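Right, one structure below, let's go through it.
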Amino acid sequence: MKIQILVLCLLASSAFSASHHPILIVVSYDAFRYNFFDTKLVPNMERLKFNGTYSDYLVNVFPTKTFPNHHSIATGLYPEVHGVIGNTYVDQKSLKVVKMGFEMYNYSNDVIPIWRWNEDQGDGRHSATMMWPGADFPYQGKNITYRQSFNASVDWFSRVDTLISWLTNSEKPANLVMFYIEEPDTHGHAFGPNSNTVHELLQKLDNVTAYLEKKLEEHKLTEKANVIHLSDHGMISVTPPYFINITQYIKNGTYEWAGATPCIQITPNAGYEDNIYNSLKEASVTNGHFKVYKKEDYLKRWHYKKNPRSPPILIMADEGYALDDLIVAAPKYAKFYNFTLTNTSEFGVHGYDNDVVDMHPFFMARGPRIKLHHRVTPFSTVDLYNLFTEILRLPARANNGSMGNIVDILVDGGGRYGVGVGVVVGGVLLALIIVGLAAGLTLYIIKVRQNIRTAAALNKRFPQTFQNSGIEAQHLLESEDVQA
Ligand SMILES: [Zn+2]
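Just so we're aligned, residue 10 is where the sequence shown starts under the numbering used here, counting upward by one.
This is the structure:
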């Protein structure tokens, strides 16, 4: 048995990758709150978390919405710099509402997402994006090698299979993959983050995580690939008694509206600026559960003001409250999912101030550049870009993140192009470590195979419901409801 373990270990240690460059896989689970681990429903993720490096949470960017945060992860820039200031926004010249699309992401040629930057370095580096928000469009006029647009009907396990095929392509092997999963966000909006539905989805996500690890192992990539698991934001539960109708306070036809609850962007029509602001301000005092800001009063720490797309007025509901668009969407959810809407029906909401604890996402990583059994101080979403370039050994680009916040994650202390600790460890010690890893790996594989058996059952429970519904992810629903 010991000999078998040794052979296994030697096989594992001879891990190869199709790319000769460092490999990085970034997995984003939309709305996976930092403390969902406390549910004890994600044992595979938890094992990875404690085996590698993790932080108790990530400090995400304002507003705590999907598109701004994914683009900050990908660029290391605040929304006021990369220009994706909401899931929708009002173009301040045309007064047209801009939704997900090329215009939203075509803000500046100085904004270079990590997938573009990786390929720009040449020498056989290939990037891949699996449904990552904002990755459907060319940057600097160029597309990357592999791209799959968002399509909820593609099973998550199939997404992993495709991802592996990109990594192992014999001619153009990817060395960077950005992998997006739309849950628990989508069902979380309709049922709330405390629901059984979300809990079952967490189990399914946990199985996808295990499946990814299993596939990496099968392709001898476990020891070669650095894998970062994270999210864009958390989510809290809101019930109908906490919905606030703010449009009753302002005259229809005197403004444009974008964004979604709890953070609404208001652009008054010419001549109505003071009237609308004063009405909303008065109402916020009377109601007491939402705040109104003029652009010049936006908090500095939001990094949200210095952009021409930033709205003249922002309405922010207090934590636990929601606004008009959820009043519209709630009965739609009830109809679509066939439940009775009551005052105790829970809906999931995110988008509050990024200092609200329950808006925080999680972070964990493992791989050859990542420290084992290590916990780091929580850091910012904008720091991730530096972590990516460090792992990929790419030149640093100017960004809003701090290198100092991520060096403690790396085995070599983050010395750019430094020599990894593993390289200088003596042969005997290395062999001992490898034997230990192999034993752990064998036990782990056995455990993973057991857990994956439950995946089929969960797949039946969650068929790709959005395929025929006309409703995709909630963030794609939001803007349409707002306009209704
Ligand atoms: Zn999201």
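Note that beta-carbon positions come from the ideal geometry of N, C-alpha and C, so glycine has one too.
All values reported here derive from a predicted model rather than from experimental measurement.
Discussion item. Let's see if you can read the secondary structure: which residues bound the alpha helix (DSSP H) around F188?
Written reply: Careful: F188 lies outside any alpha helix (DSSP H), inside the beta strand (DSSP E) at L185 to I190.
Worksheet item: In chain order, what residues of the same chain have a beta carbon less than 6 angstroms from the beta carbon of P277, not counting five sequence neighbours either side?
Response: Y264 and I285
Worksheet item: If you draw a straight line from the C-alpha of L67 to the C-alpha of F371, how long is it?
Response: 6 angstroms
Discussion item. Let's see if you can read the secondary structure: which residues bound the beta strand (DSSP E) around V301?
Written reply: F299 to K303
Discussion item. Let me confirm a value: H91 is counted as buried when at least 16 other C-beta atoms fall within 10 Å, else exposed. Which label applies?
Written reply: buried
Discussion item. Just to be sure I understand the criterion: a residue counts if its Cβ is closer than 7 angstroms to at least one heavy atom of ligand 1. Which residues meet that?
Written reply: D39, A40, K74, T75, N78, D194, D241, H242, H359 and H484
Worksheet entry | Segment contact flag, the stretch 76 to 83 with the stretch 109 to 129, C-beta cutoff 8 angstroms, min 3 pairs | yes
Worksheet item: G150: buried (16+ other C-beta within 10 angstroms of its C-beta) or exposed?
Response: exposed
Practice prompt. May I ask you to report which of helix, strand or coil DSSP gives G436?
Written response: Because the pLDDT of G436 is 42, which lies under 50, any placement of that residue in the model is unreliable, and the number read from its coordinates should be weighed accordingly. G436: helix per DSSP, three-state reduction.
Worksheet item: Under a three-way DSSP split, which group does T398 fall into?
Response: helix
Discussion item. What does the Cβ neighbour count give for P250, buried or exposed, with the cut at 16 atoms within 10 Å?
Written reply: exposed
Worksheet item: Could you give the distance in angstroms between the alpha-carbon of Y361 and the alpha-carbon of P202?
Response: 15 angstroms
Worksheet entry | Complete beta strand (DSSP E) runs within the stretch 157 to 208 (minimum length 3 residues, chain order) | 185 to 190
Discussion item. Among I259, H30, F166 and G268, whose alpha-carbon lies nearest the alpha-carbon of I94?
Written reply: G268
Practice prompt. Look up L326 in the DSSP assignment and give the residues it is bridged to.
Written response: This sequence places Ala at residue 326; Leu is not what is there. Its beta-bridge partners are F299.
Worksheet entry | Cβ pair D194, D39 closer than 8 angstroms | yes
Worksheet item: Once you ignore the five residues that flank A292 on each side, which residues in its own chain have a CB closer than 6 angstroms to its CB?
Response: Y258
Fill in: Residues near V366 in its chain [Cβ-Cβ closer than 6 angstroms; skip 5 each side]
none
Discussion item. Within the continuous beta strand (DSSP E) that includes A339, where are the two ends?
Written reply: Note, A339: premise wrong, no beta strand (DSSP E); alpha helix (DSSP H) at D333 to Y346.
Fill in: Neighbourhood of P317 by C-beta, 7 angstroms cutoff - its chain only, sequence neighbours within 5 removed
Q101
Item to complete: Assign W141 to one of three DSSP states: helix, strand, or coil.
Response: coil
Discussion item. Rounding to the nearest angstrom, what Cα-Cα distance links N235 and E192 in this structure?
Written reply: 23 angstroms
Discussion item. Let me check understanding here. Comparing Cα to Cα, which of R56, H208, H30 and V70 lies closest to L308?
Written reply: V70
Discussion item. Excluding the 5 residues flanking L210 on each side, which residues of the same chain have their C-beta closer than 7 angstroms to its C-beta?
Written reply: E192, P193, H196 and F471
Worksheet item: Closest to W175 by CA distance: which of T398, D215, L225 and D334 is it?
Response: L225
Worksheet item: Alpha carbon to alpha carbon, how far is A374 from T62?
Response: 5 angstroms
Worksheet item: Hey, how far is the Cα of H30 from the Cα of I245?
Response: 40 angstroms
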